[in-house]
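There are 2 protein chains.
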Amino acid sequence: MNAVIGYYTTQFGELWEQSLFQLVEEAIHGALTSAKLDAGQIDAIFYGNMLAGVLDNNLHAPAKIAEIVGHHLPVFRVESACASGGMAFHLANQYLNAGAGKTVLAIGAEKMTDYSPEQTTRALAAAASGEEQEAGLTFPGLYAMMARSYLDEYNYTEENLAYVAHKNHFHGSLNKKAHFRKEISVASILKSAYVAHPLKVLDCSPISDGASAVVLSADAQLTKKHKHAQILSSEVATDSISLKHRKSLTEIYSSKLAAEKAFESAGISPTDINVAELHDCFTIAELFAMEAIGFWKPGEGGAQIKEQSTKFGSGSSLIVNTSGGLKAAGHPVGATGIKQIGELYLQLTGQADGRQVEKATYGLAQNVGGSGGTSVVSILGI
Amino acid sequence: MNAVIGYYTTQFGELWEQSLFQLVEEAIHGALTSAKLDAGQIDAIFYGNMLAGVLDNNLHAPAKIAEIVGHHLPVFRVESACASGGMAFHLANQYLNAGAGKTVLAIGAEKMTDYSPEQTTRALAAAASGEEQEAGLTFPGLYAMMARSYLDEYNYTEENLAYVAHKNHFHGSLNKKAHFRKEISVASILKSAYVAHPLKVLDCSPISDGASAVVLSADAQLTKKHKHAQILSSEVATDSISLKHRKSLTEIYSSKLAAEKAFESAGISPTDINVAELHDCFTIAELFAMEAIGFWKPGEGGAQIKEQSTKFGSGSSLIVNTSGGLKAAGHPVGATGIKQIGELYLQLTGQADGRQVEKATYGLAQNVGGSGGTSVVSILGI
Numbered sequence: 001m002n003a004v005i006g007y008y009t010t011q012f013g014e015l016w017e018q019s020l021f022q023l024v025e026e027a028i029h030g031a032l033t034s035a036k037l038d039a040g041q042i043d044a045i046f047y048g049n050m051l052a053g054v055l056d057n058n059l060h061a062p063a064k065i066a067e068i069v070g071h072h073l074p075v076f077r078v079e080s081a082c083a084s085g086g087m088a089f090h091l092a093n094q095y096l097n098a099g100a101g102k103t104v105l106a107i108g109a110e111k112m113t114d115y116s117p118e119q120t121t122r123a124l125a126a127a128a129s130g131e132e133q134e135a136g137l138t139f140p141g142l143y144a145m146m147a148r149s150y151l152d153e154y155n156y157t158e159e160n161l162a163y164v165a166h167k168n169h170f171h172g173s174l175n176k177k178a179h180f181r182k183e184i185s186v187a188s189i190l191k192s193a194y195v196a197h198p199l200k201v202l203d204c205s206p207i208s209d210g211a212s213a214v215v216l217s218a219d220a221q222l223t224k225k226h227k228h229a230q231i232l233s234s235e236v237a238t239d240s241i242s243l244k245h246r247k248s249l250t251e252i253y254s255s256k257l258a259a260e261k262a263f264e265s266a267g268i269s270p271t272d273i274n275v276a277e278l279h280d281c282f283t284i285a286e287l288f289a290m291e292a293i294g295f296w297k298p299g300e301g302g303a304q305i306k307e308q309s310t311k312f313g314s315g316s317s318l319i320v321n322t323s324g325g326l327k328a329a330g331h332p333v334g335a336t337g338i339k340q341i342g343e344l345y346l347q348l349t350g351q352a353d354g355r356q357v358e359k360a361t362y363g364l365a366q367n368v369g370g371s372g373g374t375s376v377v378s379i380l381g382i
Numbered sequence: 001m002n003a004v005i006g007y008y009t010t011q012f013g014e015l016w017e018q019s020l021f022q023l024v025e026e027a028i029h030g031a032l033t034s035a036k037l038d039a040g041q042i043d044a045i046f047y048g049n050m051l052a053g054v055l056d057n058n059l060h061a062p063a064k065i066a067e068i069v070g071h072h073l074p075v076f077r078v079e080s081a082c083a084s085g086g087m088a089f090h091l092a093n094q095y096l097n098a099g100a101g102k103t104v105l106a107i108g109a110e111k112m113t114d115y116s117p118e119q120t121t122r123a124l125a126a127a128a129s130g131e132e133q134e135a136g137l138t139f140p141g142l143y144a145m146m147a148r149s150y151l152d153e154y155n156y157t158e159e160n161l162a163y164v165a166h167k168n169h170f171h172g173s174l175n176k177k178a179h180f181r182k183e184i185s186v187a188s189i190l191k192s193a194y195v196a197h198p199l200k201v202l203d204c205s206p207i208s209d210g211a212s213a214v215v216l217s218a219d220a221q222l223t224k225k226h227k228h229a230q231i232l233s234s235e236v237a238t239d240s241i242s243l244k245h246r247k248s249l250t251e252i253y254s255s256k257l258a259a260e261k262a263f264e265s266a267g268i269s270p271t272d273i274n275v276a277e278l279h280d281c282f283t284i285a286e287l288f289a290m291e292a293i294g295f296w297k298p299g300e301g302g303a304q305i306k307e308q309s310t311k312f313g314s315g316s317s318l319i320v321n322t323s324g325g326l327k328a329a330g331h332p333v334g335a336t337g338i339k340q341i342g343e344l345y346l347q348l349t350g351q352a353d354g355r356q357v358e359k360a361t362y363g364l365a366q367n368v369g370g371s372g373g374t375s376v377v378s379i380l381g382i
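So the sequences go chain by chain: G and B.
The opening position of the first sequence corresponds to residue 1 in the working numbering, with each subsequent residue numbered one higher.
The opening position of the second sequence corresponds to residue 1 in the working numbering, with each subsequent residue numbered one higher.
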C-alpha cells in the first residue's frame, strides 16, 4: 500500500520576499529532507497550482520545476481551481498504483499577495462558470448565497457560522506555519464587516502565499525506514460548475459522493476518523463538509458546531482542522490540498507538536474546487 | 493492454461561431459516438488545455466538463503548454494502468482566434520562462535561435527547412479537418515574409481553434468489439524551461529521453514505425524530432527532408505527419497532442481515407511543450 513518508510546508502568509518558484523550491527541498531522499530518487512530480497563468502569464510549470530539480523526470501540472493540490495528490497516488514509479512528490503552491485585491478577486472568479462571472458573482458572493440558503432552511443565525472561525483560529494559534496565529472570539467575528451578507470578513479565508509538498512511496522497504501514514483511499467527484444546475444549495454533493467512495475503498466509516482537514474557505463550507462526509447529519451542523466537540482539547474522537484550516492557516490555493494531507501525516505520525491529537489513527482530507464543482476526499491511516 | 477505441476531432481552423466548450462538447460526443458508448460508460476524463485561464479567465474546466457530460465522474485538467494534450493522454493511460477505471476519455481543446494577435502571442509566451519573457522572446524567436544554430552547425539553408512545410501542406490538402488544405511550393515558402530570421511565415504553424478526443479502454471485451489500436507505451521527459540551461540548442533532449523510454517499453525500435505524428510547431522542430527519436542521425535531417521519403505516396516505410502536422492541420494547442494520437488511430485502423498509409502497423506521436521543456512520446500498434 502507498504511504506518505515525508512532508514540508513553507510558512503561509504574505511572503513578499519570495517568488512562487522560490516557495516551490523550498517546499521540494524541505519534503526531500523530511523523507531523507535526494531528487534523483524521485520518479515523478505532480504539481497543483491555480493562478500563475492568470496572474503572472506563467504556464508550463513542469519544465520550470524540472529546471529547479535538475533532473529530466516527468512533471505534471494539475489544475482544478482550489482543489488543485488535492487533485495533484490523487494523481500522484494513481501514478504509484499504475506502477509508473516507486516514489513521487506531490506539491502545491500559490503566490497571491503580489497583486491588487481586484486582480486576485477577478482571478479567483475563474473557478466559477462564465455565466456566474458575467453576473458579477465573486466567491464570497457564491458562498454567501449558499450560506443564506442554509441559515434559512435550518433556522440558524450568523452566530452558528462564527463558531467555525473561532475554533479554527484557535487551532491556527497552535500552528507556527499558519497565516493567522491569533485567537478570535465569537463576539469579534460577529462584529466584523460584511463581505457578502451573511458572510463577514472573519467568515472568509485569507489571500495567502505558500507552498507545501508531500513524498508518496509504494516502496515498502523505503516506507519502513520512515515515519509514515498509509494512503487508504483517495477519490474524486465532480458537479456542475454553476450553482444554478445543482440539486441543492445547502450541500456539497461532490464531497458526499467522493466521501462515500473513499470510505468504501478504505473499508472504514466516518466514526473511525480522528482528525480531519476540511475545506473551510468560508465558515459555511466546514458545516457543509461535516454533513457531506457524514460526520453530522444534514442540517445538524449549525447546532453541532456550537458544542465545540471538534475543537482541539475537547477530548472528543474527531478533531477538525488542527492546522487552522483554510480560515486561519491560510489558503494559498494550490498548496491547500497538499497541506491538508501533510497535516494528517503530522497528526498520524505524532509530529504535530502543540496540537497533537491523542490516539490519531485515521485522518481524512476534503479539498474543494470552486463552489463544489470538484471534490477530492483522501483517507490516511496508521 | 490498453487500447484506443474511438476518436473524433472537430474541424481545426478559425471557428468564430463556436466557443471553447462548444468545441469540447462536440469532441466528447463525437468520440463517444465513434466508440459507440454513452457518457455513463466513461469512468474519468482527462482534459488538456493551455490558454483558457490566461486568455479568458477560465479555469476549473473539470467542473464545466462534468456539467456538459451530466455525470459526477472524475475530470482532470492537465497543462504543460503545447504538450497539454499529450500529457492528458499519458495520464489517462496511467489511470487505466492503475485500475482506477476501465474506459476513459482524453480530450484536448483550445480557442485561440477570438483574441488580438498581441494577446495570443503574449499568452503563448507563458510557456517560456520568466526570464525569456522579460527578454522579449516570443516562440518564433526561441525556435529561430534554435534553427539558426542548426543551419549554421550543419551548413544548411532555409531551403532545407522549407521542405518540411511543403510536405505537411500536401498532407493537409488530404485531410478535411485540417486548418490549411492548400499545397504550397518550396519556392513560395522561401518567398514568404520573415517572422524571426531564419523562420518565415510559412515555417510557422498557425493560430487555430479546435478540440479532439480519444476513448481509451482497458476492457478487453469492449476493445474486441471496436476497431482499435493498442497503446504500447507512453513516456514523458522534461528539460529546463529556459534555453540557456540546455545542453544543446540543436536537439530536443527531452524528446530523445522520452523516445528511448517509449521504444524500450514497447519493445520495438525506430525502424518499426510506419506513421509518426511529430510536433512541427515550426519547420525546424520536425527535423529536431526526427533526429531525437532516432529516425535520422543528428545533423542528417536537413539533407534527408529534401529526399521527401517521409511524404505520403513516397512508398517508404515511414510517413510523417499525415494529418498535416501542426504546420498545416493547425495547432489549437491543447488539442494537438490528442489529434496526433487520433491520426495514428485512424492510420492503424485503416480509417485514414485519402491519406491512408499502407501496412501501417506501428505509429508514434511526439508532443512538445514550449521550446522542449516537456516531451511526451507515445507508441501505438496493431
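We put the beta carbon where it would ideally sit given N, CA and C, even for glycine.
Contacting residues, own chain, Cβ-Cβ under 6 Å from residue i (five flanking each side not counted)
{"i": "Leu-364 (chain B)", "result": "Ile-273, Ala-276, Ile-379"}
{"i": "Lys-311 (chain B)", "result": "Lys-167"}
{"i": "Ala-262 (chain B)", "result": "Ser-233, Glu-235, Val-377, Ile-379"}
{"i": "Ser-80 (chain B)", "result": "Met-87, Gly-369, Thr-374"}
Bridge-paired residues (DSSP) for residue i
{"i": "Gln-230 (chain G)", "result": "G:Ala-3, G:Gly-381"}
{"i": "Ile-45 (chain B)", "result": "B:Val-75, B:Leu-105"}
{"i": "Asp-209 (chain G)", "result": "G:Gly-13"}
{"i": "Tyr-8 (chain G)", "result": "G:Ala-213"}
{"i": "Ala-100 (chain B)", "result": "In the DSSP output, where bridge partners are listed per residue, Ala-100 (chain B) has none listed."}
{"i": "Ala-196 (chain B)", "result": "B:Leu-199"}
Extent of the continuous alpha helix (DSSP H) run through residue i
{"i": "Ser-192 (chain B)", "result": "Segment: none, Ser-192 (chain B) is in no alpha helix (DSSP H) and carries neither H nor E."}
{"i": "Arg-148 (chain B)", "result": "139-154"}
{"i": "Phe-170 (chain B)", "result": "158-173"}
{"i": "Gly-383 (chain B)", "result": "What is shown of chain B runs 1 to 382, which leaves residue 383 (chain B) out entirely."}
{"i": "Phe-21 (chain B)", "result": "20-34"}
{"i": "Phe-288 (chain B)", "result": "283-293"}
{"i": "Gly-130 (chain G)", "result": "130-134"}
{"i": "Leu-222 (chain G)", "result": "220-224"}
Residue i, DSSP secondary structure in three states
{"i": "Arg-246 (chain B)", "result": "coil"}
{"i": "Ser-255 (chain B)", "result": "helix"}
{"i": "Gly-370 (chain B)", "result": "coil"}
{"i": "Tyr-115 (chain B)", "result": "coil"}
{"i": "Gly-342 (chain G)", "result": "helix"}
{"i": "Gly-53 (chain G)", "result": "helix"}
{"i": "Phe-312 (chain G)", "result": "coil"}
{"i": "Ile-319 (chain G)", "result": "strand"}
{"i": "Lys-176 (chain G)", "result": "coil"}
{"i": "Lys-64 (chain G)", "result": "helix"}
{"i": "Lys-297 (chain B)", "result": "coil"}
{"i": "Leu-434 (chain G)", "result": "Lying outside 1 to 382, the shown extent of chain G, residue 434 (chain G) is not represented and no answer is given."}
{"i": "Lys-182 (chain G)", "result": "coil"}
{"i": "Thr-238 (chain B)", "result": "strand"}
{"i": "Ala-83 (chain B)", "result": "coil"}
{"i": "Glu-110 (chain G)", "result": "strand"}
{"i": "Ser-375 (chain G)", "result": "strand"}
{"i": "Leu-202 (chain G)", "result": "helix"}
{"i": "Glu-307 (chain G)", "result": "helix"}
{"i": "Gln-347 (chain B)", "result": "helix"}
Range covered by the beta strand (DSSP E) that runs through residue i
{"i": "Ala-276 (chain G)", "result": "275-277"}
8 Å Cβ shell around residue i - same chain, five flanking residues per side excluded
{"i": "Gly-267 (chain G)", "result": "Leu-232"}
Contacts around residue i, its chain only, beta-carbon distance under 7 Å, and the 5 residues preceding and following it disregarded
{"i": "Asp-43 (chain G)", "result": "Leu-73, Gly-101, Lys-102, Thr-103, Val-104"}
* Taking Cβ-Cβ distances below 7 Å as the criterion, which residues of the segment 77-106 of chain G are in contact with chain B? -> Arg-77, Val-78, Glu-79, Ser-80, Ala-81, Met-87, Leu-91, Gln-94, Tyr-95, Asn-97, Ala-98, Gly-99, Ala-100
* To do: Give, in chain order, every residue of the segment 244-257 of chain G whose Cβ lies closer than 7 Å to some Cβ of chain B.
  => His-245, Ser-254, Leu-257
* Residues of the segment 50-71 of chain B with a CB closer than 7 Å to any CB of chain G: list them in chain order, please. => Cβ contacts with chain G: Met-50, Gly-53, Val-54, Asn-57, Asn-58, Leu-59, His-60, Pro-62, Ala-63, Lys-64, Ala-66, Glu-67.
* **Interface residues of the segment 120-138 of chain B facing chain G [CB-CB below 8 Å]** => Arg-122, Ala-123, Ala-125, Ala-126, Ala-127, Ala-128, Ser-129, Gly-130, Gln-133
* What residues from the segment 220-245 of chain B come within 9 Å of chain G, judged by C-beta to C-beta, listed N to C? -> Cβ contacts with chain G: Glu-235, Val-236, Ala-237, Thr-238, Asp-239, Ser-240, Ile-241, Ser-242, His-245.
* Contacting positions in the segment 356-368 of chain B - beta carbon closer than 7 Å to chain G -> Hits within the stretch: zero.
* Interface positions of the segment 371-382 of chain G facing chain B (Cβ-Cβ less than 7 Å), listed along the chain -> Gly-373, Thr-374
* If you measure beta-carbon to beta-carbon, which residues of the segment 22-33 of chain G are closer than 8 Å to chain B? -> none
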